[in-house]
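Those protein sequences? They're chains A and B, same order as listed. Reminder that position 80 of the first sequence reads as 80 in full-length UniProt numbering, one-by-one numbering, no gaps. Reminder that position 233 of the second sequence reads as 233 in full-length UniProt numbering, one-by-one numbering, no gaps. C-beta atoms are modelled at their ideal positions from N, C-alpha and C, and glycine is treated no differently. Notes for the one structure printed next.
There are 2 protein chains.
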Amino acid sequence: MKLNQSKIVDCTIRDGGLVNNWDFSIEFVQKLYAGLNEAGVDYMEIGYKNSPKLLKGAEQAGPWRFLDDEFLRKVIPQKGFTKLSALVDIGRVDENDIPNRSESMIDLIRVACYIKDVDKALQLIQTFHDRGYETTLNIMALSNVMENELVEAFEMIKDSAVDIVYIVDSYGSLDHKDITFLVEKFQTHLPNKRLGIHAHNNLQLAFSNTLIASEKGVELLDASVYGMGRAAGNCPTELLVSQLKNTQYKLRPVLDVIEQLMIPLREKEEWGYIIPYMITGTLDEHPRSAMALRASDAKDKSVDFYDKLMTPEVTFDQK
Amino acid sequence: MKLNQSKIVDCTIRDGGLVNNWDFSIEFVQKLYAGLNEAGVDYMEIGYKNSPKLLKGAEQAGPWRFLDDEFLRKVIPQKGFTKLSALVDIGRVDENDIPNRSESMIDLIRVACYIKDVDKALQLIQTFHDRGYETTLNIMALSNVMENELVEAFEMIKDSAVDIVYIVDSYGSLDHKDITFLVEKFQTHLPNKRLGIHAHNNLQLAFSNTLIASEKGVELLDASVYGMGRAAGNCPTELLVSQLKNTQYKLRPVLDVIEQLMIPLREKEEWGYIIPYMITGTLDEHPRSAMALRASDAKDKSVDFYDKLMTPEVTFDQK
Numbered sequence: 001m002k003l004n005q006s007k008i009v010d011c012t013i014r015d016g017g018l019v020n021n022w023d024f025s026i027e028f029v030q031k032l033y034a035g036l037n038e039a040g041v042d043y044m045e046i047g048y049k050n051s052p053k054l055l056k057g058a059e060q061a062g063p064w065r066f067l068d069d070e071f072l073r074k075v076i077p078q079k080g081f082t083k084l085s086a087l088v089d090i091g092r093v094d095e096n097d098i099p100n101r102s103e104s105m106i107d108l109i110r111v112a113c114y115i116k117d118v119d120k121a122l123q124l125i126q127t128f129h130d131r132g133y134e135t136t137l138n139i140m141a142l143s144n145v146m147e148n149e150l151v152e153a154f155e156m157i158k159d160s161a162v163d164i165v166y167i168v169d170s171y172g173s174l175d176h177k178d179i180t181f182l183v184e185k186f187q188t189h190l191p192n193k194r195l196g197i198h199a200h201n202n203l204q205l206a207f208s209n210t211l212i213a214s215e216k217g218v219e220l221l222d223a224s225v226y227g228m229g230r231a232a233g234n235c236p237t238e239l240l241v242s243q244l245k246n247t248q249y250k251l252r253p254v255l256d257v258i259e260q261l262m263i264p265l266r267e268k269e270e271w272g273y274i275i276p277y278m279i280t281g282t283l284d285e286h287p288r289s290a291m292a293l294r295a296s297d298a299k300d301k302s303v304d305f306y307d308k309l310m311t312p313e314v315t316f317d318q319k
Numbered sequence: 001m002k003l004n005q006s007k008i009v010d011c012t013i014r015d016g017g018l019v020n021n022w023d024f025s026i027e028f029v030q031k032l033y034a035g036l037n038e039a040g041v042d043y044m045e046i047g048y049k050n051s052p053k054l055l056k057g058a059e060q061a062g063p064w065r066f067l068d069d070e071f072l073r074k075v076i077p078q079k080g081f082t083k084l085s086a087l088v089d090i091g092r093v094d095e096n097d098i099p100n101r102s103e104s105m106i107d108l109i110r111v112a113c114y115i116k117d118v119d120k121a122l123q124l125i126q127t128f129h130d131r132g133y134e135t136t137l138n139i140m141a142l143s144n145v146m147e148n149e150l151v152e153a154f155e156m157i158k159d160s161a162v163d164i165v166y167i168v169d170s171y172g173s174l175d176h177k178d179i180t181f182l183v184e185k186f187q188t189h190l191p192n193k194r195l196g197i198h199a200h201n202n203l204q205l206a207f208s209n210t211l212i213a214s215e216k217g218v219e220l221l222d223a224s225v226y227g228m229g230r231a232a233g234n235c236p237t238e239l240l241v242s243q244l245k246n247t248q249y250k251l252r253p254v255l256d257v258i259e260q261l262m263i264p265l266r267e268k269e270e271w272g273y274i275i276p277y278m279i280t281g282t283l284d285e286h287p288r289s290a291m292a293l294r295a296s297d298a299k300d301k302s303v304d305f306y307d308k309l310m311t312p313e314v315t316f317d318q319k
C-alpha cells in the first residue's frame with residue numbers, strides 16, 4: 001500500500017465564516033483547533049488576514065475576518081502540530097499590517113484571486129515570501145478561464161516565489177475528468193511548483209475530486225469539518241481523515257468536533273447539498289443567485305429559479 | 001463528445017420505501033412516474049414483488065412492498081416511455097404470484113441476493129426469463145466477498161439466462177478505485193453480460209462512483225430522486241440526469257418532483273449523509289447499527305457509537 005503524502009488544510013473557520021459572517025466564539029475556535037490538532041490535520045485556516053479599513057461592513061463581521069496576531073496569541077496560547085493559515089484577497093490587504101513570520105502566529109498565507117489578477121497576487125506573495133511565510137496562490141473559478149489566459153498566468157507563476165498553486169473549483173461544477181485534466185495541465189506547465197485543490201460540493205463531487213487530485217500528486221487538500229462552507233460547502237474533513245491512506249490521521253477527534261460544535265451549528269446555519277446550489281453547479285456559475293434565493297421566502301422554489309437561469313435576459317437582471 | 005449510452009433505473013419508491021415502510025400515497029407515485037417519464041428516465045422501480053404470505057409484518061407495509069398487477073394498472077393506467085421494474089428477494093417470493101410479462105405491468109424483474117445465494121437467484125431468474133421479463137441479478141455487499149466465492153459465482157452466472165449483473169455497494173464503502181477494479185473484473189469474467197451499478201452515499205461517493213462506472217461501460221445506473229434510500233441513500237437521480245452526456249434526459253421535471261414531493265417528505269423522513277452512516281461506511285459494514293442509533297435518543301452521539309464499533313466485543317453485542 002502506498003501511503004498518501006497529501007496534507008489537509010481545514011478551512012472551517014475561513015470558508016465557513018462566509019456562512020455565518022465569522023460569528024464563531026473564541027471557545028468554538030479553540031475547541032476546533034484542539035480537535036484538528038489531535039486528529040493530525042496539517043493546517044487550520046483560521047480566517048482572513050484582510051485589513052478592516054479596506055472593506056465595507058467590516059464592523060459587523062467576527063474577528064476571524066481580520067486576523068490580528070495579538071488576538072490570535074490569546075486564542076491559541078500554545079500551538080501544537082497543526083499550523084495556522086490565513087487567506088487574503090487582492091485589494092483588501094495592507095501589506096503594512098503583515099509582520100514578519102517570526103513575530104506572527106500564522107505559518108501560511110494564501111492569496112486568492114481571479115485569473116486577471118494573478119500578477120497582483122504574485123506581487124503580494126513575493127512580499128509574504130520575503131517576510132518568511134509559506135505561500136499559496138489560489139486561482140478561483142478555473143472552470144470559466146480560457147486556455148490562453150491560463151497559459152499566460154503559468155508563465156508568470158513559474159518564475160515567481162510562490163510555493164503552492166491551487167486549483168479552485170469555485171462553482172462546484174467540475175467532475176473527475178476535469179480535475180484530471182487540470183492537474184495534468186498544471187503539472188506540465190508548473191513542474192517546479194507543488195499543487196493544491198479547493199473543491200465545492202454542489203454536485204456531491206468535492207470529496208471524490210479531492211481524492212482523485214491527491215492520487216495524482218496534489219499535495220494540499222482543502223476541506224472543512226462537516227463540509228461547512230459557502231453555499232454547497234466543501235470537501236468534508238472527516239472523509240479525508242478517514243479515507244486517506246495516511247496513518248497520521250485520527251477520525252475520532254473530528255467526530256467529536258462534529259458532535260460538539262457542528263451538529264448544533266448546522267441547526268442554525270445552512271450549507272451543503274441543496275437543490276438551488278446543485279443548479280448553479282450544473283450551470284457552472286457563481287452561487288450568488290442561489291444564495292439570494294435561499295435567503296428569500298421562495299427558498300424551495302427550485303423550478304422557477306431554474307427557469308430564470310435558463311432564460312438569458314432574466315438571468316442578466318437577476319445577477 | 002461521446003454520448004453516454006447508460007440507462008437510469010430510478011429506485012425512489014423501492015429503496016426509499018425502506019425509509020418510510022412504503023408509505024407513499026398513490027398520488028405521490030403517480031406524480032413521480034409522470035415526472036420520471038417526462039425527464040426521460042428509462043426505468044422506475046416501483047417496489048418489491050415479494051409475496052406477503054412469506055414476510056413477517058407484511059400487513060403494516062404500504063402496497064409497494066407487494067406489487068399486484070391489478071393494483072398497478074389502476075395506479076398507472078397509461079404507461080409512457082419509462083418502463084417499470086420490481087425487485088424480489090430470495091425466499092420471499094412465490095413464483096406462482098408472477099404472471100407472464102404479457103399480462104403484467106412490469107418489464108424488468110431484479111433479484112437481489114448475497115453471494116451464497118447466487119444459485120437460488122439464478123433459478124428464479126430462469127423462471128422470470130421464461131415468462132418474458134428482462135432480468136437482473138443484484139449481488140449485494142460485494143465489499144465483503146472473497147475472490148474465490150466471486151469466481152465461483154461468475155461460473156454459474158455466465159451460462160445463465162440473466163441479462164444484466166449488478167455491482168452493489170451495499171455499505172457505501174467503495175471508492176473509485178474499488179469500482180474500477182470490480183467493473184473490470186466483472187467485464188473480464190462475464191464478457192457476455194451487461195452490467196449495472198447500485199451505489200450508496202455513506203461517503204458522498206455514490207454519484208461519483210456511478211459516473212465512473214458508466215464511463216467504463218456499465219449500462220444500468222440505479223439512482224433515486226434527492227437520493228432517497230435506506231440510511232445514507234443512493235446516487236441522486238437529478239445529478240445523473242443533469243450530468244450524463246445524453247440528450248434524452250431533462251432536469252426540469254426532476255426538479256419539479258423534488259420541489260413538490262421530496263422536499264416536504266424529507267422534513268418527515270430522514271436519509272442522506274449523516275455521520276453514523278458515514279461511520280458504518282468507513283468501517284465497511286451494514287448500516288443497521290447506525291439506523292438503530294438514529295431511531296434512539298442518542299442519535300447524534302457519534303463518538304460513543306464509533307467507540308462501540310471500534311471495540312469488537314461490544315460491536316458483537318450491538319449487532
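Starting from Lys308 (chain A), trace the alpha helix (DSSP H) both ways and give me its first and last residue. What you label residue 308 (chain A) is simply residue 308 of the first sequence in a count that begins at 1. From DSSP, the alpha helix (DSSP H) with Lys308 (chain A) extends over 302-309.
Taking all protein chains shown into account, do 16 or more other C-beta atoms lie within 10 angstroms of the C-beta of Asn148 (chain B), making it buried, or fewer, making it exposed? Position 148 of the second sequence, counting from 1, holds the residue named residue 148 (chain B). Burial call: exposed.
Any idea what DSSP makes of Gly62 (chain A), helix, strand or coil? Translated into positions along the first sequence, residue 62 (chain A) becomes position 62. Shown here, Gly62 (chain A) sits in coil according to DSSP, grouped into three states, outside any helix or strand.
CA nearest to the CA of Thr210 (chain B), picked from B:Asn234, B:Arg194, B:Pro191: The residue given as residue 210 (chain B) occupies position 210 in the second sequence. Among B:Asn234, B:Arg194, B:Pro191, the Cα nearest to that of Thr210 (chain B) belongs to B:Asn234.
Kindly indicate if chain B contains any beta-carbon less than 8 Å away from that of Val303 (chain A). Counting from 1 along the first sequence, the entry for residue 303 (chain A) is found at position 303. Closer than 8 Å to some Cβ of chain B, the Cβ of Val303 (chain A) qualifies, so yes.
With 16 other Cβ atoms within 10 Å as the buried cut-off, status of Phe181 (chain B): Your numbering for residue 181 (chain B) matches position 181 in the second sequence. With fewer than 16 Cβ atoms within 10 Å of its Cβ, Phe181 (chain B) is classed as exposed.
So with CB distances below 7 Å, who are the chain B contacts of Tyr166 (chain A)? Along the first sequence, read from residue 1 onward, the residue named residue 166 (chain A) stands at position 166. The premise fails here: Tyr166 (chain A) is roughly 21 Å from chain B at the closest Cβ pair, so nothing lies under 7 Å.
Just verifying my parser: in three-state terms, what is the DSSP assignment at Thr82 (chain B)? Locating residue 82 (chain B) in the second sequence gives position 82, counting from the first residue. Coil, per DSSP.
I'd like to know whether the C-beta atoms of Ala86 (chain A) and Ile115 (chain A) end up nearer to each other than 8 Å. Here residue 86 (chain A) refers to the residue found at position 86 of the first sequence. Here residue 115 (chain A) refers to the residue found at position 115 of the first sequence. For Ala86 (chain A) and Ile115 (chain A), no; Cβs fall outside 8 Å.
Glu70 (chain A) burial status per 10 Å Cβ neighbour count (16 or more: buried): Counted from its first residue, the first sequence places residue 70 (chain A) at position 70. Around the beta carbon of Glu70 (chain A), a 10 Å sphere encloses fewer than 16 other beta carbons of the protein chains shown; the residue is thus reported as exposed.
Is the Cβ of Gln318 (chain B) closer than 8 Å to any Cβ of chain A? Sequence index remark: in the second sequence, residue 318 (chain B) carries index 318 (1-based). Confidence at Gln318 (chain B) is low in this model, with a pLDDT of 44, below 50, so its placement is unreliable and the value that follows should be read with caution. Output row for Gln318 (chain B): interface = no.
Note down, one range per segment and in chain order, each alpha helix (DSSP H) of at least 4 residues found wholly within the region 65-139 of chain A. 69-75, 118-130
Show which residues of chain A have a CB atom less than 7 Å away from the CB atom of Asp222 (chain B). Working through the second sequence from its first residue, we reach residue 222 (chain B) at position 222. Going along chain A, no residue has its Cβ under 7 Å from Asp222 (chain B), so there is no contact; the nearest lies around 15 Å.
Could one say the Cβ of Tyr277 (chain A) lies closer than 8 Å to chain B's Cβ atoms, at least one of them? For the purposes of this step, residue 277 (chain A) is identified with residue 277 of the first sequence, where counting begins at 1. No, Tyr277 (chain A) does not count as interfacial toward chain B.
Any beta carbon of chain B sitting closer than 8 Å to that of Ile179 (chain A)? Numbered from its first residue, the first sequence carries residue 179 (chain A) at position 179. So, not an interface residue.
Just checking, does the region 37-54 of chain B make contact with the region 246-254 of chain B on the three C-beta pairs under 8 Å criterion? yes
Can you grab the Cα-Cα spacing for the pair Glu161 (chain B) / Ile106 (chain B), in whole Å? Looking up residue 161 (chain B) in the second sequence gives position 161. Looking up residue 106 (chain B) in the second sequence gives position 106. It should be pointed out that residue 161 (chain B) corresponds to Ala in this sequence rather than to Glu. C-alpha separation (whole angstroms): 18 Å.
Given Asp317 (chain B), which residues of its chain have a CB within under 8 Å of its CB, disregarding the five upstream and five downstream residues? Along the second sequence, one-based indexing puts residue 317 (chain B) at 317. Unreliable placement is indicated for Asp317 (chain B), whose pLDDT of 44 sits below 50; no coordinate value is reported for it.
Take every Cβ of the region 17-26 of chain B, pair it with every Cβ of the region 51-65 of chain B, and state whether three or more of those distances are shorter than 8 Å. Counting Cβ pairs under 8 Å, three or more are found: they touch.
Pull up the distance between the alpha-carbon of Ala206 (chain A) and that of Leu142 (chain B), whole angstroms please. Counting from one through the first sequence, the residue named residue 206 (chain A) turns up at place 206. Counting from one through the second sequence, the residue named residue 142 (chain B) turns up at place 142. Rounded to whole angstroms, Ala206 (chain A) to Leu142 (chain B) spans 25 Å at the Cα level.
I need the DSSP call for His176 (chain A), collapsed to helix, strand or coil. Taking the first residue of the first sequence as position 1, residue 176 (chain A) is located at position 176. Here His176 (chain A) sits in helix by DSSP.
Evaluate Gly91 (chain A) with the Cβ neighbour count: other Cβ atoms within 10 Å of its Cβ, from every protein chain shown; 16 or more gives buried, anything less gives exposed. In the first sequence, counting from the first residue as 1, residue 91 (chain A) sits at position 91. Exposed, since its Cβ has fewer than 16 Cβ neighbours within 10 Å.
Would you mind reading off the limits of the alpha helix (DSSP H) that contains Gly281 (chain A)? One-based indexing of the first sequence puts residue 281 (chain A) at position 281. Unbroken alpha helix (DSSP H) run through Gly281 (chain A): 275-282.
I want to verify the contact list: residues of chain A whose CB lies under 8 Å from the CB of Glu238 (chain B), in sequence order. Within the second sequence, residue 238 (chain B) is the residue found at index 238, counting from 1. Ordered by position in chain A, the residues that pass the 8 Å Cβ test against Glu238 (chain B) are Ile275, Met278.
Determine which residues of the region 194-220 of chain B have a Cβ less than 9 Å from any Cβ of chain A, and write them out in chain order. Asn201, Leu203, Gln204, Leu205, Ala206, Phe207, Ser208, Asn209, Leu211, Ile212, Glu215
Can you find a C-beta in chain B that's less than 8 Å from the C-beta of Ser242 (chain A)? In the first sequence, residue 242 (chain A) corresponds to position 242, counting from 1. Judged by the 8 Å Cβ criterion, Ser242 (chain A) is in contact with chain B.
Helix, strand or coil for Lys158 (chain B), going by three-state DSSP, please let me know. Taking the first residue of the second sequence as position 1, residue 158 (chain B) is located at position 158. Lys158 (chain B) falls in the helix class under three-state DSSP.
Assigned secondary structure, Asp256 (chain A) (DSSP; H/G/I helix, E/B strand, else coil): Here residue 256 (chain A) is taken as the residue at index 256 of the first sequence, counted from 1. Of the three classes helix, strand and coil, the one that applies to Asp256 (chain A) here is helix, per DSSP.
As a quick exercise: from A:Arg230, A:His286, A:Pro276, A:Leu244, pick the residue whose alpha carbon is nearest that of residue 330 (chain A). Outside the shown range of chain A, which is 1 to 319, sits residue 330 (chain A), and nothing can be said about it.
Kindly indicate which three-state DSSP category Lys31 (chain A) falls into: helix, strand or coil? Taking the first residue of the first sequence as 1, we reach residue 31 (chain A) at position 31. Helix, per DSSP.
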